[in-house]
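Structure, as structure tokens:
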Amino acid sequence: MIAPLGDLLRELAPQVLGAVVRRYGHFDTAEDAVQEALLTAARTWPVRGLPDNPRAWLITVAARRLTDLLRADEARRRREWTFVALRDEPAPRDVDDSLVLLFLCCHPALSVPAQLSLTLKAVGGLSTAEVARALLVPEPAIARRITRAKAAIRDSGAPFRPPSRAEWDDRLAVVLRVLYLIFNEGYASTAGPSLQRAELAAEAIRLARLAHRLLPTDAEVTGLLALMLLTHARRAARTAADGALIPMDAQDRTLWNAGEIAEGIALITAALPSGPVGPYQLQAAIAAVHDEAPDAAATDWPQIEALYGLLLRIDASPVVRLNHAVAVAMARGPAAGLALLDDVPAASHRWYAARAHLLERAGDPAGAREAYLAAAARTASLPERRYLRERAGRLTGE
Amino acid sequence: MKYMILTYGTQLDYDEMGGAETGRPAWTPEEAAAMGEFMAAFTAKLAESGELVETRALAAPVLTRRVAPDLRSGLPVVTDGPYAETQEVLAGYWIVDVDGIDRATEIAAMLNDTPAPAHVRAGAYADVRPLMDERAELLES
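Chains A and B supply the protein sequences, listed in that same order.
When you number the first sequence by UniProt numbering, it's gap-free, plus one each residue, and the end is 398.
When you number the second sequence by UniProt numbering, it's gap-free, plus one each residue, and the end is 141.
Below you can see the structure in the form of structure tokens.
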């Protein structure tokens, strides 16, 4: 498929699926029908040329295919529909179908892996094989996961419409978390030989851009997009040629993507004063402070410490407490950081890695070495393990 | 987008509603009035929300005329009241213009509360059908 056509089809995919599901219901079968319509378009458009209205063309073909599929499904049981009582206050009517689709794929009745798979497939327009490759899960498993997720949505009787005002915040939080997890999965892959799966991170950014376009005034949506851009901007500097991890203070900052940094900073600068400050905005602000520093020594650590202090008030999870401790160490010295770190539960390899760095800075090579090795034993990422072993090796005095 | 909500009935149902003796319990005048009020309120609510496009009740099946071509002569053949007593035919419809099929279904589900004798309620149902867009859905694929 030629690239611009592929881009067009992927952009249209959620709009078409949203329109077909809104109109006819049958989310599970509609998804198959839209896939087939997209395939037909990919085959015929390069030969016959683009139709006048590609979106309408796809909706028409998908709707026809849907009726075919439903008729073929004669043996299907009579569907039992559940009705949700009229809502307290209906949400605005003029919502893009892609957004409703996103809410549906991130339905709270689904498990997190199901939410990720379904969002990538139905909203991202990825094929089952692409989702499987992106999430490093065998294709049959992803296919089953998606089928089950669609059945769960069908059985829940979730109506195709945006959440009511009363449930809006909770539902949007799930959507943002799913997008954030997709990005994270791409950025810091938790398994496998390659540290970054940049394509998946780029896909997450595409979805976040979609969400931002649909909800331009939501400061947390903007914050999430900014956070992704400001983090993704560093990807080229993050790994060495041999795949080894390079920590931020040792990265070649000329490799950072200036365009993405500028866009991320503009987004977060606009979002911060616009409403209640949430965790994504704060994380984006922290990433912006890092990205603005011309070199590691110029990093404004007191500001980062202050931002983590604000984040702690919203989210006192071990990860945030750990990052706060590191920021304190950088702003006020390793001893202050280590004291805070001691109070954080030592669940993850990151805790040991942070402790190792701080011990090394505090002049305790033996303690640091032990902590590096403890961290290396706990990470699932091969490049990270190599990096941690290498740091431990440096401290043996060889 | 537009949907048609359709309800069905037989000639028998029409007769009973009119108070005729059919062997099954006929509607009392109070029951018929209660249903009329319910339908009026239901329709008024849809009109008020701006979702109603049109609604009609259809006259008894016995008043139907069916027109079909006679292939040999090429002339139309007209038949009176072609339905069996118990054959269900369209009894009425609402066309609504709403946000999607879920809302249309929700509206149709309100008809579940229509007051009627138990044997009528037991067999009652409504269909929700999407109306075709005039152009977009007739495109060449």
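Heads up, the beta-carbon is just placed ideally off N, CA and C, and yes, glycines get one too.
| Query | Result |
| --- | --- |
| Compile a chain-ordered list of the residues in the stretch 149 to 171 of chain A whose CB is closer than 7 Å to at least one CB of chain B. | P159, F160 and R161 |
| Give the DSSP bridge partners of B:D102, in chain order. | Looking at the DSSP assignment, B:D102 forms no beta bridge with any residue, so it has no partner. |
| List, in chain order, every chain B residue whose beta-carbon is nearer than 8 Å to that of residue 402 of chain A. | With chain A covering only 1 through 398, there is no way to say anything about residue 402 of chain A. |
| For a contact meaning CB atoms closer than 8 Å, what does A:R43 contact in chain B? | Neighbours of A:R43 on chain B: none; closest Cβ ~12 Å, over 8 Å. |
| What in chain B is Cβ-close to A:Y387, meaning under 7 Å? | Simply none; closest approach about 51 Å. |
| Who are the neighbours of A:V48 on chain B, taking C-beta pairs under 8 Å? | The residue you asked about is not Val; residue 48 of chain A is Arg in the sequence shown. Residues of chain B passing the Cβ test: none, with the nearest at roughly 10 Å. |
| Can you pull the DSSP bridge partners for B:T79? | B:R66 |
| Could you check what DSSP says for A:G6 in three-state terms: helix, strand or coil? | helix |
| Please specify which runs of the beta strand (DSSP E), each continuous and at least 3 residues long, are wholly inside the stretch 276 to 338 of chain A, giving them in chain order. | none |
| Are the C-beta of B:E106 and some C-beta of chain A separated by less than 9 Å? | yes |
| If you draw a straight line from the C-alpha of A:P345 to the C-alpha of A:A244, how long is it? | 28 Å |
| So, are the CB atoms of B:W94 and B:T55 less than 9 Å apart? | yes |
| According to DSSP, simplified to helix, strand and coil, what is B:W94? | strand |
| Taking a cut of 8 Å between CB atoms, which residues from the stretch 99 to 133 of chain B lie near chain A? | D99, G100, I101, D102, R103, T105, E106, A109 and P130 |
| Where does B:P130 sit, in a helix, a strand or coil, going by DSSP? | strand |
| Name the DSSP bridge partner or partners of B:R56? | B:Y93 |
| With 16 as the cutoff for other CB atoms within 10 Å, does A:R238 come out buried or exposed? | buried |
| Are the beta-carbon atoms of A:A132 and A:C105 separated by less than 9 Å? | no |
| Tell me whether A:T254 sits in a helix, a strand or coil according to DSSP, three-state version. | helix |
| Go ahead and pull the three-state DSSP assignment for B:M1. | coil |
| Could you give the C-beta distance for A:G186 and A:A226, rounded to a whole number, given that I count them as a contact under 8 Å? | No, A:G186 and A:A226 are not in contact; Cβ-Cβ is about 17 Å, not under 8 Å. |
| In three-state DSSP terms, what is B:Y8? | strand |
| Determine the extent of the alpha helix (DSSP H) in which B:G39 is found, giving its start and end residues. | Checking the sequence, you will find Met at residue 39 of chain B rather than Gly. P29 to S49 is the extent of the alpha helix (DSSP H) around B:M39. |
| Considering only residues of the stretch 193 to 225 of chain A, which uninterrupted alpha helix (DSSP H) runs meet the minimum length of 4 residues and lie entirely inside it, listed in chain order? | 198 to 214 |
| Can you tell me whether A:I314 is buried or exposed? The criterion is at least 16 other CB atoms within 10 Å of its CB, across all chains shown. | exposed |
| Residues of chain B with CB closer than 9 Å to the CB of A:R22, please, in chain order. | M1, D99, G100, I101 and D102 |
| Tell me the rounded alpha-carbon separation between A:H324 and A:E305. | 6 Å |
| Just tell me which of A:L99, A:R253 and A:V112 has its CA closest to the CA of A:R209. | A:L99 |
| Going by C-alpha distance, which of A:T396, A:A377 and A:Y308 is nearest A:A366? | A:T396 |
| Identify the continuous alpha helix (DSSP H) that holds A:G367 and give its terminal residues. | P365 to R378 |
| Taking Cβ-Cβ distances shorter than 7 Å, what residues in chain B pair up with A:G6? | Within 7 Å Cβ-Cβ: nothing; A:G6 doesn't reach chain B, min ~20 Å. |
| By the 10 Å Cβ neighbour count, where 16 or more other Cβ atoms means buried, how is A:R165 classified, buried or exposed? | exposed |
| Please classify A:K150: is it buried, with 16 or more other beta-carbons within 10 angstroms of its beta-carbon, or exposed? | buried |
| When the Cα atoms are used, what is the spatial distance from A:L135 to B:K45? | 49 Å |
| Taking only three categories from DSSP, how would you classify A:L176? | helix |
| Kindly indicate which three-state DSSP category A:W57 falls into: helix, strand or coil? | helix |
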